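In the numbering used here, the protein residues as written are 46 to 489. Glycine is no exception: its CB is placed at the ideal position from the N, C-alpha and C atoms. Computed from a prediction, not measured in an experiment: that's the story for all the values here.
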């Protein structure tokens, strides 16, 4: 009997010891890892227990490296030979929390296979995920789950050969950063973001920067009440012919510099809902918007703006600007503000502007005439006044107070939004007379 007890005790002790052995001694654990093939052309993502048997270069999914002071995944950042990336079927069981920079600077990557095996339901950052994938022409992201993502900064930046991008399944209600998200996606011709929810986004700096083949953008559902930075948002979108921003809420925006820089195909802009009381920088805001024929900024509040350098530079088809609400008490720089506005004839403003820097403010405004006609030798802020300078005073009617002169004749005719007309139209017309005054004429 004692022998049986001793045997049972030994057996039980052995069994317990077996249970307490590390799992690796019983069976290898599954782990997520990345393998670059021996010929360095294929990168494969796995989640299994075969890591030790793989050939090629192998990295753990969380391994990193430093490149010029920045941290990247160990397989990313300086890759120049990989042409194909593959997500193995085993990878669908792995739940990453970050895909940041996974394909950063994969300049020769041509295709990504098995994206349906990438489960992004727990990912919180996709920052710079595909940045500088110069040779990608298409991406199928229809399976992406993005409801937990907070950061999409630079996600597609520099994907200059992408011709289309279907983001219809993206959920963006928790995203806070979209800085440079589509920057330098030069060959995208359209982008439907009508499903994007933007309530929490704070940064849209350079979001569509140099998307130069975009001809249209549907931003009708954009909620921008928390955005603070719109610097260069549409910079270089030179083929956009129209932009409906009537739903934009801009109360918190502090930087609108270069916002429409070289949007040279835009013929009109509706900024009637823009609130600008917190904006500090409007430099180059409409730089080279050379086909804009009118611009209604009557609701702009500029008391906190410090920089308007080159704000309207190169807007060569604008014929009039109503800046009567502009306040410049905090202004520091107005260099080249109206430079090369060669068709600009009238600037409505009752105030005298002062500024510490204003060189070439009116350079090339050869059609401009206010209290005095344009003089090429007088181009700085000393002429930004309605008494002895290039501004035209507005009376209570909204146009310059008319004077009578027997021989005065109609010189040019404008609509109420500043468009130049060939003849008097039915309704209200703004008319510049040959004696230099501006009158309001109602035609029934």
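Within the segment 146-225, the runs of beta strand (DSSP E) at least 3 residues long that lie entirely inside it are, in chain order, 156-158. DSSP, reduced to helix, strand and coil, places residue 134 within a helical segment of the structure shown. Cα atoms of residue 324 and residue 348: separation of roughly 9 Å, rounded to the nearest angstrom. The beta carbon of residue 81 sits closer than 6 Å to the beta carbons of 88, 101 and 102 from its chain, once the five residues preceding and following it are set aside; these are given in chain order. Counting along the chain, residue 229 sits inside no beta strand (DSSP E), nor does DSSP assign it H or E at all.
For residue 130, the number of other beta carbons within 10 angstroms of its own is at least 16, and it is reported as buried. 208 is the residue among 105, 171 and 208 whose C-alpha sits nearest the C-alpha of residue 179. Taking C-beta atoms as the reference points, residue 226 and residue 243 fail to come closer than 8 Å. Two segments are said to touch when three or more pairs of C-beta atoms, one from each, lie closer than 8 Å; by this definition the segment 408-426 does not touch the segment 454-472. If you draw a straight line from the Cα of residue 363 to the Cα of residue 340, it comes to about 8 Å. Comparing C-alpha distances from residue 162 to each of 283, 137, 93 and 145 shows the shortest one belongs to 137. Around the C-beta of residue 435, 16 or more other C-beta atoms lie within 10 Å, and the residue is accordingly described as buried. For residue 398, no beta strand (DSSP E) run applies, since DSSP gives it neither H nor E. The alpha-carbon of residue 439 is positioned some 11 Å away from that of residue 391. Residue pairing by DSSP leaves residue 338 without any beta bridge partner. Annotation for residue 266: 239 place their beta carbon closer than 6 Å to its own, counting only its chain and skipping 5 residues before and after. When secondary structure is reduced to three states using DSSP, residue 96 falls in the helix class. By the neighbour-count definition (other C-beta atoms within 10 Å, threshold 16), residue 199 is a buried residue.
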